[in-house]
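Residue 236 is where the sequence shown starts when you use this note's numbering, and the numbers rise one by one after that. Data block below; observations after.
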Amino acid sequence: MRTTGCVQIVWITAISVVALTAVGPAGEAPTAFGENRPASTADVRITKFHLVETKDGKTLWEVWGDRGEVFDKEGIAKVMKVSNPVTVMLYSEQGKLTARSDRATVNMRTKDIRLERNVTATSEQGNSLQTQSLDWSAKDRRVSTRLPVTLVKGGFTSSGVGMEAETDLERVRFLSRVRSHVMSEGGGPEHKGRPGPRNGGTQ
236 MRTTGCVQIV
246 WITAISVVAL
256 TAVGPAGEAP
266 TAFGENRPAS
276 TADVRITKFH
286 LVETKDGKTL
296 WEVWGDRGEV
306 FDKEGIAKVM
316 KVSNPVTVML
326 YSEQGKLTAR
336 SDRATVNMRT
346 KDIRLERNVT
356 ATSEQGNSLQ
366 TQSLDWSAKD
376 RRVSTRLPVT
386 LVKGGFTSSG
396 VGMEAETDLE
406 RVRFLSRVRS
416 HVMSEGGGPE
426 HKGRPGPRNG
436 GTQ
């Protein structure tokens, strides 16, 4: 195992090159993130971790963390909070989504990302969500969760179990147990109509 100081990892997907350049001193997940695999020792441990994927000169996403561990055999990188939350910036045609959590796992082959524990995400439009697990699909360029989630858009708050959304959190599909309410002028919740459809709904 190698221990490294501040390291920046840059993916240039157009030519499939991974470059590691030193720039300073020394839950459960699906199979794509290492589920049902025995624990192994990290090949590289990194402090002040910064991981970037770019394509055709455009940044697709960035990950920052106090500490990172790279597992070459599994093809994953784990990023952890020590004193500051892990920060993930997702870029798409809909805009930028800033997500924070206690830890994140990056699939270094598919470029998918999973954030776990105390996850919050805010779009440039001011929409935000809270959940305990959030997945970013590099192929679909969408975020999703299968856990309870709360979404805030302006004065409108919706909650449900399971969600799929674009990065601006404007077009959102809840999977089940949807409930919504608006904030009244007095500051308290004012339920709008009936609870959302039990088997899902779109905001």
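Glycine residues also receive a C-beta, built at the ideal position from the N, C-alpha and C atoms.
Around the beta carbon of S394, a 10 Å sphere encloses 16 or more other beta carbons of the protein chains shown; the residue is thus reported as buried. Rounded to whole angstroms, the gap between the alpha carbons of E297 and K331 is 11 Å. Bridge partners of G310 according to DSSP: none are assigned. Bounds of the beta strand (DSSP E) holding T322 are 321 to 327.
Your pair V417 and A400 does not check out as a contact, with CB atoms roughly 20 Å apart and the cut at 8 Å. Per the C-alpha coordinates, the member of T380, S318, S327 positioned closest to L410 is T380. Rounded to the nearest angstrom, the gap between the Cα atoms of L386 and L325 is 18 Å. Per the coordinates, the alpha-carbon of V354 lies some 15 Å from the alpha-carbon of V396. Taking 8 Å as the cut-off, the Cβ atoms of R344 and G310 count as close.
Under the 10 Å beta carbon count, R406 is surrounded by fewer than 16 other beta carbons and is classified as exposed.
In this structure, A312 and V323 do not form a Cβ contact; the two beta carbons are roughly 12 Å apart against a cut-off of 8 Å. Between the beta-carbon of M315 and that of R302 there is about 5 Å, and that keeps the pair under the 8 Å contact cut.
Membership of L404 in any beta strand (DSSP E) is not indicated, and neither H nor E is assigned to it by DSSP.
Where K283 is concerned, the enclosing beta strand (DSSP E) starts and stops at 279 to 290. DSSP lists R302, R338 as the beta-bridge partner residues of M315.
Of K308, D403, G389, Q365, the smallest CA-CA separation from E351 is found for Q365.
Its Cα nearest to that of W371, the residue T333 stands out among E359, F391, G361, T333.
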